[in-house]
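Numbering (this note's numbering), first residue to last: 249 to 412.
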């Protein structure tokens with residue numbers, strides 16, 4: 249397990265930071281715990297780093313759904329509004345950005361499976377079209393088409409965030 253942590257620490261931390269907006273040691277620890285628990289269920293159908301990256305993304309999504317996050321966000325909101333009154337940082341903007349991020353992640357989660365996987369791999373795991381095509385056994389054109397379709401669905405569902 250120590251070797252797994254050493255080989256994947258940077259990637260896991262980058263995924264956590266990208267999905268949550270900041271590094272969170274508790275989430276990182278939860279990723280390693282779930283990795284250890286699910287290691288017997290891992291089948292070598294794909295690369296291990298992609299499997300653990302997907303697991304990290306799922307732990308981040310679980311964190312946003314958790315009571316701990318909701319309580320922390322409420323407490324943080326109270327502290328931010330008091331602590332930032334004198335600063336130029338607007339607490340409403342901070343809370344709004346976090347809310348927007350949660351809405352976007354939920355919209356991605358609600359995509360049909362064939363689109364969701366491609367969006368997660370491309371946008372969150374930074375896989376290329378070719379890597380995704382190889383992983384899914386689909387032509388590169390189909391990968392591009394599905395990514396385009398997924399983005400179109402997301403744009404339609406999230407247009408209210410732009411004020412449209």
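A virtual CB, placed ideally from N, CA and C, is assigned to each residue, including glycine.
The model shown is predicted, which means the values in this text are computed figures rather than measured ones.
Original post:
In whole angstroms, what is the alpha-carbon distance linking residue 358 and residue 254?
Top reply: 33 Å
Original post:
Quick one: what does DSSP say residue 286 is sitting in, helix, strand or coil?
Top reply: Helix.
Original post:
Should the stretch 381–395 be regarded as contacting the stretch 279–289, the criterion being three or more beta carbon pairs within less than 8 Å?
Top reply: Because the criterion of three Cβ pairs below 8 Å is not met, the stretch 381–395 and the stretch 279–289 do not touch.
Original post:
Cα-Cα, which of 250, 355, 373 and 370 is closest to residue 407?
Top reply: 355
Original post:
Under a Cβ-count criterion, where at least 16 other Cβ atoms within 10 Å of its own Cβ denotes burial, should residue 376 be classed as buried or exposed?
Top reply: exposed
Subject >> Bounding residues of the alpha helix (DSSP H) (the contiguous stretch that carries residue 255) >> reply: 250–268
**OP:** May I ask which residues mark the beginning and end of the alpha helix (DSSP H) holding residue 301?
**Re:** 296–313
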